[in-house]
Amino acid sequence: MAELTLTDCSSMAKVLIHANPSGALADRLAVPFGRSRRDDDGTLILRVRPAQWLLFADSGRAGELVEHWGAAVTETDELVSVIDVTSGRTVLRLTGESSPALLAKICALDLATASDGSALRSSVAKVNAEIVREDAGGRPSYLLACEQSYGRYLTEAINDAGGEFS
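Each number in our numbering corresponds to the 1-based position in the sequence shown with 6 added.
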């Protein structure tokens, strides 16, 4: 079987935005429900709920993102929240040809059919998580984000489920 890697990406910046799904800010974020995209500066923008976006960027950029999207809010007349959630979220990246098979053991969704760029919210090892399919180097790769307090448990559950693939 192909090699699997699990990487802790928790140090990346994480910003949560709540906005009107049909408002001006939603248009600027430009990500349909259930999808993700990288913007010009490399920020990953995902939308796993109709009125909620989660942004992942390089470590140390949370303040910049909050400022940027907060300024965008002042240009609209919408009720919006832009929150730095970096310290409250764990992000893990699972990469490898066997990733879908491993996740099938512990996830409520069949991720084998999820296309690159899909953004979903589901239970992974009984932990509510955002799941983004973002292939890396032509190999299936998934970002899994959960509340920070469940990070260690989720890491151990993935490692345990992956035992048969090593």
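Every residue, glycine too, gets a C-beta built ideally from N, C-alpha and C.
Please read all numbers here as calculations on a predicted model, not as lab measurements.
Distances from the CA of residue 119 to each of 159, 106, 164 and 113 were compared; the closest alpha carbon is that of 106.
Between the alpha carbons of residue 27 and residue 13 lies a gap of roughly 32 Å. Sequence-distant partners of residue 141 (beyond 5 residues in either direction) whose C-beta falls short of 6 Å from its own C-beta, in its chain, are 122 and 147. Non-local C-beta neighbours of residue 88 in its own chain, meaning closer than 7 Å and more than five positions away in sequence, comprise 21, 23, 72, 75, 76 and 79, ordered along the chain.
The DSSP-derived three-state label of residue 166 is helix. For residue 90, there is no enclosing alpha helix (DSSP H); the enclosing beta strand (DSSP E) covers residues 87-90.
For residue 33, the enclosing alpha helix (DSSP H) stretches over residues 30-35. Taking the Cβ atoms as the reference, residue 82 lies roughly 23 Å from residue 62, outside the contact range of under 8 Å. Residue pairing from DSSP places residue 24 in a beta bridge opposite 58 and 87.
With fewer than 16 other beta carbons inside 10 angstroms of its own, residue 11 counts as exposed. The Cβ atoms of residue 59 and residue 67 do not sit closer than 7 Å to each other.
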